[in-house]
Structure formats: C-alpha cells, structure tokens
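Working notes, beginning with the structure itself.
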Amino acid sequence: MITRSPSVLQSQESTHPDVTPLALQSAWQAQLSQAIRDPGELCRRLGLDGGWLPGAERGHSLFEVRVPEAFLSRMRPGDPQDPLLRQVLPLAAEGEVVRGYVSDPLAEADHTPGRGLIHKYAGRVLLIASPACAVNCRYCFRRHFPYGENTPSRTQWEDSLEYLRDDVSITEAILSGGDPLAASDRQLAWLAERLAAIPHLKRLRLHTRLPVVIPDRVDDALLHWLSTTRLQKVVVLHINHANEIDDAVAAACERLKGAGVTLLNQSVLLRGVNDSVETLANLSERLFEAGVLPYYLHVLDPVAGAAHFDVTDEEARELIAGLRGQLPGFLMPRLVREIPGEASKTPL
Ligand code: SF4
Numbered sequence: 004m005i006t007r008s009p010s011v012l013q014s015q016e017s018t019h020p021d022v023t024p025l026a027l028q029s030a031w032q033a034q035l036s037q038a039i040r041d042p043g044e045l046c047r048r049l050g051l052d053g054g055w056l057p058g059a060e061r062g063h064s065l066f067e068v069r070v071p072e073a074f075l076s077r078m079r080p081g082d083p084q085d086p087l088l089r090q091v092l093p094l095a096a097e098g099e100v101v102r103g104y105v106s107d108p109l110a111e112a113d114h115t116p117g118r119g120l121i122h123k124y125a126g127r128v129l130l131i132a133s134p135a136c137a138v139n140c141r142y143c144f145r146r147h148f149p150y151g152e153n154t155p156s157r158t159q160w161e162d163s164l165e166y167l168r169d170d171v172s173i174t175e176a177i178l179s180g181g182d183p184l185a186a187s188d189r190q191l192a193w194l195a196e197r198l199a200a201i202p203h204l205k206r207l208r209l210h211t212r213l214p215v216v217i218p219d220r221v222d223d224a225l226l227h228w229l230s231t232t233r234l235q236k237v238v239v240l241h242i243n244h245a246n247e248i249d250d251a252v253a254a255a256c257e258r259l260k261g262a263g264v265t266l267l268n269q270s271v272l273l274r275g276v277n278d279s280v281e282t283l284a285n286l287s288e289r290l291f292e293a294g295v296l297p298y299y300l301h302v303l304d305p306v307a308g309a310a311h312f313d314v315t316d317e318e319a320r321e322l323i324a325g326l327r328g329q330l331p332g333f334l335m336p337r338l339v340r341e342i343p344g345e346a347s348k349t350p351l
C-alpha cells in the first residue's frame, strides 16, 4: 500500500524555526489528521451499498484512501456516480494491468538531479516540498512516486537551493509534492525566504489541491509568508468539477488574491467526472466567479491503476471544440498532454 504520512513532514520540520502560531496551524492540520482513511467508512458515510466495499478495499490496498471531511461534505450521499466521489473512491479496476499504463508515466526519474528536485523544463525547477497529500486522487500520475527516496533532509534542501543558486537560467521555483501546502508554514516560510534570497529567481509557483479540499488551509500564517516574500506568487489549483467550489473555497481564493497571488487552475479530463461540454463550461464559469483563471486541461497521464478514467484524444478534441462554442477565449483551458522528454506541455 502507498502511504504518504504527514508524520514524515513533522519530523523534517523540527529543524526549522517556528514562525507560525501553533493554534493557527492546528485547525487545518487537525482536519488533515482526521481525514477518512478507511474505505468502509467512506462507503458508509456516503450511504453506498455493500457491493462497493470489496472493490474499494482492493483499490485501497494499492493506493490508500484519503478524503478530508470538507471535501466529503460536497458529495451527494447515496450517489456512487457523484463526480467528486469518483475522484477518490478506490475501485477494483485499479488492479487491472492495462498495456501502456506504467508506474512513472512522465519518466520523472530521468529528470531528478537531486533528492526532491525535478528539472524537466528550461527556466523552472520543481521541488518536492512535501510527500503528503490531503486527498488521494485515484488518477494521480504520482500514485507510485517514490516519495521515500525524494523527501529531502535539511542538508539536502541546502543542496537543492545550491542547485538553484548555481543556475542563473532558473527564474521560477515550483513547489509541488504530494501537496506543498501539506508542509507547515514554518517550513514553507523558511524555504520561501531562502528562495527569495536567490537574485535570479523571479517567481514562486505552488501546485496545490489543499485550498480546495481543506479551505481552512488558507489561514493567516500562510497568508503572512506569501504576502511578505519579494517573489511573484502563482498558485495553480487543481479543480476538476464545479461542485468542488463551495463558498468556503471561494473565500479561500479571495484570501489568496488578497495576498497578491495570481490564481490559475489545472484540471484533468476524467471519464465520468468532467467529460461533457456542459460540465467543463460550468467549471470554467465557476472558477472565474471565484477569481481563478482556467489554465490547463490535461489528458490523463497513463499511470497504472487509472485506465478507467481515460478519455480518448478524439473525444477530448470534440469536447474542446464544443467548449469553444460556448465560452469566451479567456475561459478556455488549454488542452495538453505531457510527453516525457518534450521541452514543454504538448497541445492537442
Ligand atoms: S492532490 Fe495532487 S499530488 Fe496529491 S493525489 Fe491528488 S493529484 Fe496527486
């Protein structure tokens, strides 16, 4: 079973200065620690009949279930086709071997110059800031990622920073994971301060789902270090369906914008979740209402265990054509695929 334990982070963090009031940290961390981790409880809480449980247990044995309460509360009880539930409900199909679906679909192992460091594209470097996620998405292309081998110690963080200092062509640091916001603000503030001290760095980008699944993550401690760094801030949220954006998520987006953050969204095109023109149009509209610009619509990365989410390229192109007929250009996400070895994402 794949386990991403927040405790890994906590042991790392103990070496960093405490700049965040503990009481503010604990609200979202408590929600994180209380997330549903048992497939039986997930089925029971949503009123699914017992027929779903064996499959859920089989999928869970391959990649553990994790669903925070705040995300669960937006699902329709008794509906196994709920688009939010489908993203997190383990299924027996995850155990099927499907040709072309592999453990490292983006060949990230070939672009790892140091522990917790991925350098694929010119000008930007990705740092694995946390091995943990607040939610385990069944289609995640990193569901088999060797987080244990890529969780840097403090010394290794210094090596990563040295790598960025030595390459003046790098202008953007991307915090990823797991979910970078699963790390404490104490650790993130420490990292942001050191990144800001690298003169050629212009931007700090975070790819996160935490403000969506636990909106309380956007608290004063987070906003403090975000609003005080000299770096330009971009937060790329990961939202696949309009139902994910309730009032609390919209308020979290508002707080991020107030801290000077540019908000973008990337989605994954998923069978049974958002594979209709109407659903994608609603998502773009709802994102914009919340102050977030649609950025990318990714086709599924062929990761082992996620083949049942696949939407063909032909269908994807038809969906985009239909969407173009409904939305203004600035609400159109770019349909892309990530191909290992390419210099950028590839438009379809
Ligand atoms: S939050 Fe992101 S990294 Fe974590 S499981 Fe979901 S898609 Fe993967």
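Counting in the working numbering, the sequence shown runs from 4 upward without gaps.
All C-beta atoms in this analysis are idealised placements derived from N, C-alpha and C, irrespective of residue type, glycine included.
Under three-state DSSP, which class holds residue i?
{"i": "residue 302", "result": "coil"}
{"i": "residue 210", "result": "strand"}
{"i": "residue 297", "result": "strand"}
{"i": "residue 261", "result": "helix"}
{"i": "residue 340", "result": "strand"}
{"i": "residue 332", "result": "helix"}
{"i": "residue 217", "result": "coil"}
{"i": "residue 176", "result": "strand"}
{"i": "residue 241", "result": "strand"}
{"i": "residue 268", "result": "strand"}
{"i": "residue 122", "result": "strand"}
{"i": "residue 81", "result": "coil"}
{"i": "residue 37", "result": "coil"}
{"i": "residue 349", "result": "strand"}
{"i": "residue 21", "result": "Legend: pLDDT at residue 21 = 37, less than 50; position of this residue unreliable, value from coordinates given subsequently. DSSP places residue 21 in coil when its eight states are reduced to three."}
Leaving out the 5 sequence neighbours to the left and right, which residues in its chain are closer than 7 Å to residue i when beta-carbon positions are compared?
{"i": "residue 291", "result": "334"}
{"i": "residue 276", "result": "86, 89, 90, 243 and 244"}
{"i": "residue 221", "result": "214, 255, 258 and 259"}
{"i": "residue 269", "result": "239, 241, 298, 299 and 301"}
{"i": "residue 230", "result": "262 and 263"}
{"i": "residue 40", "result": "67, 68 and 69"}
{"i": "residue 312", "result": "142, 273, 274 and 303"}
{"i": "residue 342", "result": "349"}
{"i": "residue 206", "result": "174, 175, 234, 235 and 237"}
{"i": "residue 280", "result": "322, 325, 326 and 329"}
Check each candidate in the options and name the one with the smallest Cα separation from residue i.
{"i": "residue 148", "options": "181, 204 and 199", "result": "181"}
{"i": "residue 326", "options": "286, 344 and 349", "result": "286"}
{"i": "residue 176", "options": "124, 157 and 146", "result": "124"}
{"i": "residue 64", "options": "54, 146 and 37", "result": "146"}
{"i": "residue 82", "options": "45, 280, 340 and 296", "result": "45"}
For residue i and residue j, what's the separation of their Cα atoms in angstroms?
{"i": "residue 226", "j": "residue 259", "result": "7 Å"}
{"i": "residue 196", "j": "residue 234", "result": "10 Å"}
{"i": "residue 274", "j": "residue 84", "result": "11 Å"}
{"i": "residue 172", "j": "residue 301", "result": "27 Å"}
{"i": "residue 122", "j": "residue 164", "result": "13 Å"}
{"i": "residue 126", "j": "residue 169", "result": "13 Å"}
{"i": "residue 51", "j": "residue 80", "result": "8 Å"}
{"i": "residue 283", "j": "residue 201", "result": "39 Å"}
{"i": "residue 380", "j": "residue 217", "result": "Outside the displayed range of the chain (4 to 351) lies residue 380, so it cannot be described from this structure."}
{"i": "residue 87", "j": "residue 244", "result": "7 Å"}
{"i": "residue 47", "j": "residue 58", "result": "14 Å"}
{"i": "residue 42", "j": "residue 60", "result": "6 Å"}
{"i": "residue 138", "j": "residue 71", "result": "7 Å"}
{"i": "residue 324", "j": "residue 338", "result": "11 Å"}
{"i": "residue 56", "j": "residue 94", "result": "9 Å"}
{"i": "residue 317", "j": "residue 332", "result": "21 Å"}
{"i": "residue 348", "j": "residue 102", "result": "23 Å"}
{"i": "residue 6", "j": "residue 253", "result": "Any reading at residue 6 needs caution, since the residue's pLDDT is 42, under 50, leaving its predicted position unreliable; the model's value is listed next. Rounded to whole angstroms, residue 6 to residue 253 spans 30 Å at the Cα level."}
{"i": "residue 322", "j": "residue 107", "result": "27 Å"}
{"i": "residue 246", "j": "residue 289", "result": "9 Å"}
{"i": "residue 29", "j": "residue 36", "result": "10 Å"}
{"i": "residue 265", "j": "residue 157", "result": "29 Å"}
{"i": "residue 336", "j": "residue 186", "result": "29 Å"}
{"i": "residue 140", "j": "residue 113", "result": "24 Å"}
Within a Cβ cutoff of 6 Å, which residues of the same chain sit near residue i, ignoring the five residues on either side of it in sequence?
{"i": "residue 272", "result": "300, 302, 314 and 319"}
{"i": "residue 178", "result": "130, 132 and 209"}
{"i": "residue 345", "result": "none"}
{"i": "residue 184", "result": "211, 213 and 220"}
{"i": "residue 329", "result": "284"}
{"i": "residue 116", "result": "122"}
{"i": "residue 310", "result": "101 and 104"}
{"i": "residue 296", "result": "267"}
Give a yes or no on whether the C-beta atoms belonging to residue i and residue j are separated by under 8 Å.
{"i": "residue 256", "j": "residue 294", "result": "yes"}
{"i": "residue 219", "j": "residue 77", "result": "no"}
{"i": "residue 144", "j": "residue 109", "result": "yes"}
{"i": "residue 237", "j": "residue 267", "result": "yes"}
{"i": "residue 62", "j": "residue 99", "result": "no"}
{"i": "residue 199", "j": "residue 174", "result": "no"}
{"i": "residue 251", "j": "residue 73", "result": "yes"}
{"i": "residue 128", "j": "residue 167", "result": "yes"}
{"i": "residue 278", "j": "residue 228", "result": "no"}
Tell me which same chain residues have a C-beta within less than 8 Å of the C-beta of residue i, skipping the five on either side of it?
{"i": "residue 105", "result": "305, 306 and 307"}
{"i": "residue 38", "result": "69, 70, 71, 72, 137 and 138"}
Please confirm whether residue i has its beta-carbon closer than 8 Å to some beta-carbon of chain B.
{"i": "residue 305", "result": "The chain inventory of the structure shown lacks chain B, comprising one protein chain alone."}
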